[in-house]
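Undergrad:
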Amino acid sequence: MKARLLAVSAAAVMMFSAGQASADLDLAKASGCLACHSVEKKVVGPAWKDVANKYKGDAGAKAALVEKVKKGGKGNWTEVTGGTPMPPYSPRVSDANIEKLVDFILALK
Ligand code: HEC
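764 is the number that the working numbering gives to position 99 of the sequence shown; each next residue is one higher, with no gaps.
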């Protein structure tokens, strides 16, 4: 009985985290990011998994990436993109949502 309850709650936790990831992807889609990015593959911009890897363990990465998404810019992925710039998203996307998107990207594995 107890084991069954545990199994049910584990499944609920798993469903919850999958739900969160797809909510973040929906936000990325609604914000227009997926025109140039995907989690797994380079599109116009770098794969978001590669972004997460590049900044793994970098405590300043979140603030720097939030700035980058707000203001746009280029130069960090020239070898991948050929120098295409990332467009600025502030104020089209709210600061809170930009922060959410960067948290989502940095948490990818
Ligand atoms: C028009 C295409 C395009 C769109 C739309 C776009 N990006 Fe980008 N993105 C790029 C390019 C190109 C780069 C590489 C910039 C560079 O070389 O520094 C990039 C880089 C990034 C990086 C890594 C930045 C760095 O300095 O390492 C993040 C994070 C990112 N994009 C998030 C987003 C988010 C979030 C959105 C939606 C709000 C978005 N992008 C929409 C093209 C795009």
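All residues carry an ideal CB built from backbone N, CA and C; glycine is no exception. None of the values given here were measured: they were computed from a predicted structure.
Is Val734 close to the ligand HEC? I mean its beta-carbon at under 6 Å from any heavy atom of the ligand.
TA: Here residue 734 is taken as the residue at index 69 of the sequence shown, counted from 1. Val734: yes, Cβ under 6 Å from the ligand HEC.
Undergrad: Give me whichever residues DSSP pairs with Gly738 in a beta bridge.
TA: One-based indexing of the sequence shown puts residue 738 at position 73. Gly738 pairs with Met751.
Undergrad: Mind listing, in chain order, the continuous alpha helix (DSSP H) runs of no fewer than 4 residues lying wholly within the segment 683 to 733?
TA: 713 to 719
Undergrad: Among Gly684, Lys707, Leu690 and Ala686, whose alpha-carbon lies nearest the alpha-carbon of Trp742?
TA: Reading the sequence shown from its first residue, position 77 is the one you call residue 742. Looking at Gly684, Lys707, Leu690 and Ala686, the one whose alpha-carbon comes closest to that of Trp742 is Lys707.
Undergrad: Would you identify the three-state DSSP class for Val758, choosing helix, strand or coil?
TA: What you label residue 758 is simply residue 93 of the sequence shown in a count that begins at 1. It is coil, neither helix nor strand.
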